[in-house]
Amino acid sequence: MQTAIADAMDARCKEPAQMAIRKEYLSDLDLPEGAFAVEFGSGTGHVTHDLITLAGADRALGIEPSPVMVQRAETHFASEPGLSFEIGDAKRTSLEDGSVDLVLMHTLLCHVPGPEDVIAEAHRVLKPGGILAVCDGDYDTATAQIADFDPLDQVVRFMIDQNVTNLWVMRRVAGMLAASGFDLGKRRAHSYVAEGEATYYLTVINRGAERMAETGVLFPETAEALKDEARRRVEESTFFGFMSYVSQIACKPG
3 MQTAIADAMD ARCKEPAQMA IRKEYLSDLD LPEGAFAVEF GSGTGHVTHD LITLAGADRA
63 LGIEPSPVMV QRAETHFASE PGLSFEIGDA KRTSLEDGSV DLVLMHTLLC HVPGPEDVIA
123 EAHRVLKPGG ILAVCDGDYD TATAQIADFD PLDQVVRFMI DQNVTNLWVM RRVAGMLAAS
183 GFDLGKRRAH SYVAEGEATY YLTVINRGAE RMAETGVLFP ETAEALKDEA RRRVEESTFF
243 GFMSYVSQIA CKPG
């Protein structure tokens with residue numbers, strides 16, 4: 003399961019449309035010289051790497067609870083100077099108080115019960131004047147629907163229901179940040195439309211259909227047929243996959 007999720011994360015991170023979203027909000031950040039940046043929930047490492055290449059940090063650390071993800075990240079970026087990864091919990095990191103210039107949470111808070119605890123930890127480790135960047139999906143907008151009663155859209159909805167804890171977290175995050183003592187900065191909307199071979203969105207369809215079969219919602223043959231339907235749509239250029247993302251920048255008062 004962890005390997006399948008790591009494969010899906012790699013596919014998503016490498017998609018040009020997803021890379022463009024990260025560039026839009028990370029390139030806005032103004033970090034001090036020699037900045038140290040940390041990603042909470044770093045997955046397979048691609049977005050942590052962006053903290054150096056896009057945000058301009060001198061050093062970047064990815065903290066991730068899954069050993070499988072950390073191993074994948076280290077394999078991808080073993081030769082990158084200034085970049086490291088460790089197994090850890092975003093609610094209780096080993097970082098010192100006021101030691102970090104930038105904390106990033108990219109598609110993390112949607113999965114975390116008690117997201118306020120993660121935000122509080124970011125506030126603790128950030129220096130006065132340090133930046134928090136949050137970006138996540140507005141998951142109620144996710145769709146693969148191209149007609150009434152489209153069964154592929156039900157697969158997407160099931161996948162989200164099984165994997166997303168906080169469906170509307172980006173509609174609530176500004177209030178959480180303010181309550182934790184952050185000053186709010188720029189908030190932006192980002193549209194994601196699956197392009198070309200729809201590599202990432204097909205992983206959503208595939209994992210959703212497989213999970214529906216595992217839980218007895220579908221027979222295995224039906225799940226395979228729906229995965230086939232998605233592949234055929236991609237081949238025939240009729241596939242549609244869409245979701246909105248939202249980014250929110252905040253600052254720890256100096």
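With my numbering, letter number 109 in the sequence shown gets 111, and the count goes up by one each step, no holes.
All C-beta atoms in this analysis are idealised placements derived from N, C-alpha and C, irrespective of residue type, glycine included.
- For E88, the pairing in a beta bridge is given by DSSP as I65.
- In summary, K254 is buried, with 16 or more beta-carbon neighbours lying within 10 Å of its beta-carbon over all protein chains present.
- Non-local C-beta neighbours of A122 in its own chain, meaning closer than 7 angstroms and more than five positions away in sequence, comprise S182, ordered along the chain.
- By a beta-carbon distance limit of 8 angstroms, V72 does not contact Q4. Their separation comes to about 11 angstroms.
- Sequence-distant Cβ neighbours of P222 in its own chain, meaning closer than 8 angstroms and more than five residues away, are A215.
- The DSSP-derived three-state label of E35 is coil.
- By the neighbour-count criterion, in which a residue is buried when 16 or more other Cβ atoms sit within 10 angstroms of its Cβ, E98 is exposed.
- The beta carbon of P18 lies closer than 8 angstroms to those of E197 in the same chain, with the five residues before and after it left out.
- In the DSSP assignment, Q164 falls outside any beta strand (DSSP E) and lies within the alpha helix (DSSP H) extending over P153 to N165.
- The beta carbon of F160 is closer than 6 angstroms to those of G210 and M214 in its chain, skipping five residues each way along the sequence.
- DSSP places P255 outside both helix and strand once states are collapsed to three, so it counts as coil.
- Look at Q73 here: in three-state DSSP terms it is helix.
- Distance from L56 to R24 at the Cβ level is roughly 7 angstroms; contact confirmed, criterion being Cβ atoms closer than 8 angstroms.
- Under the Cβ criterion (8 angstroms, minimum of three pairs), the segment 122-131 does not count as touching the segment 153-167.
- Proximity to E66 across D91, M21 and A149 peaks at D91, based on C-alpha coordinates.
- P115 sits away from V171, with the two beta carbons spaced by 8 angstroms or more.
- Here the alpha carbon of F87 sits roughly 45 angstroms from the alpha carbon of D150.
- Relative to G243, the option among C112, K16, T201 and R74 whose CA is nearest is T201.
- Setting aside the 5 residues that flank it on each side, G58 is surrounded in the same chain by L31, L33 and A37, each with a C-beta closer than 8 angstroms to its C-beta; the list follows chain order.
- Bounds of the beta strand (DSSP E) holding L106 are V102 to H108.
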